[in-house]
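These notes concern the structure reproduced below.
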Amino acid sequence: MKKFKTKDNFNRFFEKHLSVIDLIHECGYKAYFIGGCVRDAVMGVQASDFDIATNATPEDIINMFTDVRKTGIEFGTVTVKTATGSYEITTFRKEYGYSDNRKPDKVVYAKSLYDDVRRRDFTVNALAYDGKYVYDYFNGIEDIQRKIIKTVGSPKRRFSEDALRILRAARFASTLDFSIEDKTSESMKRCAHLLRSISKERIFSELSKMIAGGESLKILFDTGIADYIFLYPHHINQDNLKKGSYKCRLADVFCKYPSADMAVEELKNLRADNKTVGTLYDILIFLNSDTDEMSVRKLLSEIGLDNVSVLLEFSGQSRDVLDKIVKEGYITGINELAISGHDIMAMGYPKESIKDIKWFLFNKVIYDISLNKKEILQDLLNNCPIEKH
0 MKKFKTKDNF
10 NRFFEKHLSV
20 IDLIHECGYK
30 AYFIGGCVRD
40 AVMGVQASDF
50 DIATNATPED
60 IINMFTDVRK
70 TGIEFGTVTV
80 KTATGSYEIT
90 TFRKEYGYSD
100 NRKPDKVVYA
110 KSLYDDVRRR
120 DFTVNALAYD
130 GKYVYDYFNG
140 IEDIQRKIIK
150 TVGSPKRRFS
160 EDALRILRAA
170 RFASTLDFSI
180 EDKTSESMKR
190 CAHLLRSISK
200 ERIFSELSKM
210 IAGGESLKIL
220 FDTGIADYIF
230 LYPHHINQDN
240 LKKGSYKCRL
250 ADVFCKYPSA
260 DMAVEELKNL
270 RADNKTVGTL
280 YDILIFLNSD
290 TDEMSVRKLL
300 SEIGLDNVSV
310 LLEFSGQSRD
320 VLDKIVKEGY
330 ITGINELAIS
340 GHDIMAMGYP
350 KESIKDIKWF
360 LFNKVIYDIS
370 LNKKEILQDL
380 LNNCPIEKH
């Protein structure tokens with residue numbers, strides 16, 4: 000084990016969060032920031048999530064803090080909320096048996112930090128920080144410096160324990176611009192079939208993080224992972240768009256599919272939410288047809304001006320229609336309607352119907368901004384299918 004005394008330029012990343020582990024220390028227990036937040040600090044990046052490992056039990060933590068949620072107490076995890084943030088605090092633990100390649104069959108509290116970090120996925124995530132020192136049992140700092148993703152211990156064992164780690168390795172390599180260590184990469188290929196045991200929702204969550212970051216999906220194909228994720232991997236665009244929102248980038252991934260319907264089938268298979276599926280469909284139809292005012296107005300209402308501009312640039316289509324709409328004015332959300340909830344209730348509609356009524360009106364106004372006047376909107380409600388009191 001290597002132990003490094005930290006300096007101010009490292010400590011500053013944790014400055015406002017130290018009070019949490021300080022309290023645990025004051026109560027006679029050990030506590031460490033663990034995993035990604037320590038990795039990010041080593042890389043000079045400010046983390047947004049802070050996880051803590053401790054030898055205190057969940058019951059001990061509940062007695063220390065006033066706002067505690069039992070978010071994963073069966074695995075020794077509680078979530079503590081303080082004025083400085085929200086923290087997942089987990090008791091040191093050992094894990095036994097992974098019959099479903101997803102989660103441990105049995106969890107036992109451990110006595111030492113070493114027992115806890117040795118069960119973790121990658122060396123770069125097996126770093127701990129107690130407010131003064133960084134503890135590095137598996138050369139994680141060296142691997143960060145070498146820009147290497149490498150499992151803690153046997154890669155085959157790590158991936159068999161939780162097959163989602165295969166996709167996490169790909170995501171970390173892509174988002175951090177690291178390479179994957181040879182043995183780890185080889186095991187990813189050999190264990191890729193285990194992804195079949197992982198829920199589509201978990202897979203899509205990891206995939207979304209890669210896409211949202213504008214990272215290349217090429218690594219999924221180099222390691223054979225893509226064949227176990229997608230229905231039609233040969234249609235996937237591996238080089239992701241670097242600009243625009245997540246939904247723009249998602250559309251770029253699926254832009255080479257022969258039809259929008261096939262892309263929708265792919266997304267539904269990945270258990271994407273209905274709103275994401277609907278927006279993707281609209282974007283793909285937009286990209287594969289002539290730019291007309293109605294389609295541009297609809298897309299503006301869904302993804303906003305900046306993202307429509309990105310899509311026009313990406314597809315090589317003219318901006319003339321968009322420029323015309325911007326000059327005339329457009330609406331991007333129900334809060335921009337010229338009628339309030341109080342106005343709607345004054346007409347006799349129940350409070351619980353306000354949102355549905357606003358969406359009814361919104362879907363009229365997006366195609367004709369001149370309708371966005373209070374009196375006109377009130378007249379439109381005469382044809383609203385929602386009943387009054």
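Note that numbering that gives the first Met the number 0 has the sequence shown beginning at 0, numbered continuously upward. Beta carbons are placed, not taken as given, at the ideal position from N, Cα and C, and that holds for glycine.
Shown here, D272 sits in coil according to DSSP, grouped into three states, outside any helix or strand.
In the three-state DSSP reduction, S244 falls in the coil class, being neither helix nor strand. By the CB criterion at 8 Å, R270 and K208 fall outside the cutoff.
In the three-state scheme derived from DSSP, where H, G and I count as helix and E and B as strand, D48 is classed as coil.
Secondary structure note for Y113: its alpha helix (DSSP H) is the uninterrupted segment 112-116. In this chain, the alpha helix (DSSP H) harbouring E25 covers 17-25.
Boundaries around V107 are those of the beta strand (DSSP E), 105-108, since no alpha helix (DSSP H) includes it. Using a Cβ-Cβ distance cut-off of 8 Å, the stretch 24-39 and the stretch 117-130 are in contact, since at least three pairs of beta carbons, one from each stretch, lie closer than that value.
For F158 and D48, the gap between their C-alpha atoms comes out near 24 Å. Per DSSP, A337 has no beta bridge partner at all. Distance from K15 to T83 at the Cβ level is roughly 5 Å; contact confirmed, criterion being Cβ atoms closer than 8 Å. Only exposed fits N62, as fewer than 16 other CB atoms lie within 10 angstroms of its CB. For the options K373, G75, T70, V320, the alpha carbon positioned closest to that of T56 is the one of G75.
Here the alpha carbon of E58 sits roughly 13 Å from the alpha carbon of Y28. In the displayed model, V41 falls within a helix according to three-state DSSP.
The beta carbons of A262 and T222 sit no closer together than 8 Å. Looking at I165, L193, R195, the one whose alpha-carbon comes closest to that of T183 is I165. A direct Cα-to-Cα measurement between P257 and D226 gives close to 18 Å. Per DSSP, the beta-bridge partners of S178 are I147.
Apart from the 5 residues on each side of it in sequence, V276 sits with its Cβ closer than 7 Å to the Cβ of V263, L266, K267 in its chain, given in chain order.
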